[in-house]
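Scroll down for the structure; my scribbles are underneath it.
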Ligand code: EPZ
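Residue numbers (my numbering): 23 to 429.
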């Protein structure tokens with residue numbers, strides 16, 4: 023287990039270029055399974071979850087070469103293998119194997135899927151989609167010699183089930199219409215990749231229409247990571263400094279920018295950068311996390327320390343209704359909160375240095391933010407959980423003036 027040691031209390035100043043989005047890179051990587059060719063995927067973050075995804079692809083016979091942040095993935099000769107539970111249980115994105123493997127090999131096995139365990143994370147919608155495309159389930163195996171296009175109407179907006187459905191539809195026989203789909207920017211990023219690989223997909227708020235095709239290799243640049251962007255903006259704000267993030271579509275940050283403006287930050291959003299600094303006056307704010315374009319659930323653990331440092335706030339997460347477990351890991355930093363009726367109330371708190379363990383990816387970053395704000399030395403154990411989704415955070419924070427060591 024690795025730890026991050028922080029000497030906090032320093033104002034952070036400067037510019038951070040965000041990496042490619044984790045949640046866009048992972049579906050693109052898994053979707054190469056349905057292509058027969060060589061794909062070039064640029065701006066792929068070198069993070070724990072991506073390394074696991076690459077190992078899964080390699081176990082199926084793919085050749086994956088990384089040069090800088092560009093991956094070349096050759097999926098011309100793949101063979102079916104039951105996924106290694108050690109690998110699939112390490113990342114949530116292994117659910118994309120359901121659609122990709124069924125599509126390419128006519129077979130997939132429902133095995134343990136991993137990822138952050140902040141809530142129950144059902145896969146019933148993914149399974150419903152595999153069966154709608156013609157899959158037949160026997161025990162934990164689903165098989166189908168050739169998937170057929172279908173109509174899907176989801177009653178809950180699920181990023182993962184939408185992605186799996188697009189992956190299956192892209193090379194299924196005939197036309198698929200998906201309604202009730204999620205609209206997160208990483209879904210459009212996946213579509214960009216598949217279209218570059220020969221897919222025929224149209225996306226609108228109302229429906230996604232896909233005409234199945236044989237796919238060749240594709241070429242795409244992964245979008246910038248909006249959650250990483252929000253995290254470094256929060257680091258600037260919580261330390262009373264001024265941080266600019268670049269490399270991310272500013273419109274993806276609209277809900278976050280609105281929330282921190284209400285909290286009291288000055289936010290300057292330009293064409294390709296966002297700069298924030300604290301005005302020193304804070305307001306109590308209420309944040310409701312919901313599917314895009316609303317405030318993202320993955321940024322609610324990031325805004326909680328800002329609420330504590332400011333005038334307090336209230337969080338209601340409609341996506342992961344119990345995603346508040348990380349708050350207990352912030353109490354060593356003096357953060358006080360209460361939970362009632364599905365709401366988390368974060369009280370105005372004087373943050374002190376502390377020692378804690380990362381509960382999950384965003385919960386770990388939340389602890390890191392508390393540590394950056396507090397005077398003195400703090401330690402966060404389980405740093406690899408943070409590195410699953412953040413590329414070299416210690417270097418990016420040091421470039422802003424933070425004293426951070428990865429041990
Ligand atoms: C993706 O998870 C992200 N993970 C999560 O990122 C993110 O929190 C989440 O989307 C919401 O934005 C990846 O992209 C790898 P969902 P996913 O299916 O796809 C319910 C991070 O910190 N649901 O959109 O697993 C579910 O319970 C993380 O980077 C079902 O009921 O999320 C939830 O309430 C962690 N049945 C809602 O849908 C299903 O079969 C949304 O979940 C699937 C989902």
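Beta carbons are placed, not taken as given, at the ideal position from N, Cα and C, and that holds for glycine. Just so you know, these numbers come straight off a predicted model, no measurement behind them.
Taking the beta carbon of residue i as the centre, do at least 16 other beta carbons fall within 10 Å, making it buried, or is it exposed?
i: residue 174; result: buried
i: residue 340; result: exposed
i: residue 148; result: buried
i: residue 92; result: exposed
i: residue 97; result: buried
i: residue 144; result: exposed
i: residue 131; result: buried
i: residue 101; result: exposed
i: residue 407; result: buried
i: residue 292; result: exposed
i: residue 398; result: exposed
i: residue 158; result: exposed
i: residue 248; result: buried
i: residue 52; result: buried
i: residue 11; result: The structure shown does not extend to residue 11, since the chain spans only 23 to 429, so no value can be given for it.
i: residue 155; result: buried
i: residue 224; result: exposed
i: residue 321; result: buried
Following a CB-centred definition, is residue i positioned closer than 7 Å to any heavy atom of the ligand EPZ?
i: residue 207; result: no
i: residue 23; result: no
i: residue 38; result: no
i: residue 337; result: no
i: residue 274; result: no
i: residue 479; result: The structure shown does not extend to residue 479, since the chain spans only 23 to 429, so no value can be given for it.
i: residue 247; result: no
i: residue 315; result: no
i: residue 48; result: yes
i: residue 148; result: yes
i: residue 319; result: yes
i: residue 183; result: yes
i: residue 384; result: yes
i: residue 73; result: no
i: residue 44; result: yes
i: residue 411; result: yes
i: residue 415; result: no
i: residue 341; result: yes
i: residue 105; result: no
Where residue i and residue j are concerned, what is the direct C-alpha to C-alpha distance, given to the nearest angstrom?
i: residue 374; j: residue 315; result: 34 Å
i: residue 363; j: residue 338; result: 9 Å
i: residue 216; j: residue 250; result: 25 Å
i: residue 89; j: residue 64; result: 10 Å
i: residue 80; j: residue 107; result: 15 Å
i: residue 283; j: residue 423; result: 24 Å
i: residue 310; j: residue 83; result: 43 Å
i: residue 308; j: residue 413; result: 30 Å
i: residue 133; j: residue 105; result: 8 Å
i: residue 117; j: residue 36; result: 38 Å
i: residue 150; j: residue 201; result: 14 Å
i: residue 32; j: residue 417; result: 16 Å
i: residue 220; j: residue 179; result: 26 Å
i: residue 287; j: residue 326; result: 14 Å
i: residue 232; j: residue 47; result: 21 Å
i: residue 318; j: residue 187; result: 22 Å
i: residue 294; j: residue 275; result: 11 Å
i: residue 198; j: residue 146; result: 19 Å
i: residue 285; j: residue 103; result: 50 Å
i: residue 185; j: residue 122; result: 10 Å
i: residue 378; j: residue 396; result: 14 Å
i: residue 177; j: residue 207; result: 20 Å
i: residue 345; j: residue 114; result: 16 Å
i: residue 246; j: residue 42; result: 4 Å
i: residue 49; j: residue 258; result: 30 Å
i: residue 280; j: residue 334; result: 16 Å
i: residue 268; j: residue 163; result: 44 Å
i: residue 420; j: residue 353; result: 25 Å
i: residue 189; j: residue 343; result: 27 Å
i: residue 410; j: residue 71; result: 5 Å
Considering only residues of the same chain and omitting the five flanking positions on each side of residue i, which have a CB-CB separation below 7 Å?
i: residue 193; result: 56, 125, 234, 235, 236 and 237
i: residue 371; result: 330, 356, 357 and 358
i: residue 196; result: 170, 171 and 234
Suppose the cutoff is 6 Å on Cβ atoms and the five residues either side in sequence are ignored; what does the same chain contact list for residue i look like?
i: residue 425; result: 29
i: residue 323; result: 348, 384, 385 and 388
i: residue 59; result: 238 and 239
i: residue 61; result: 54, 95, 239 and 240
i: residue 381; result: 347, 348 and 351
i: residue 87; result: 94
i: residue 76; result: 86
Looking only at its own chain, which residues have a Cβ that is under 8 Å from the Cβ of residue i, when we skip the five neighbours before and after it?
i: residue 391; result: 253, 256, 257, 260, 324, 327 and 328
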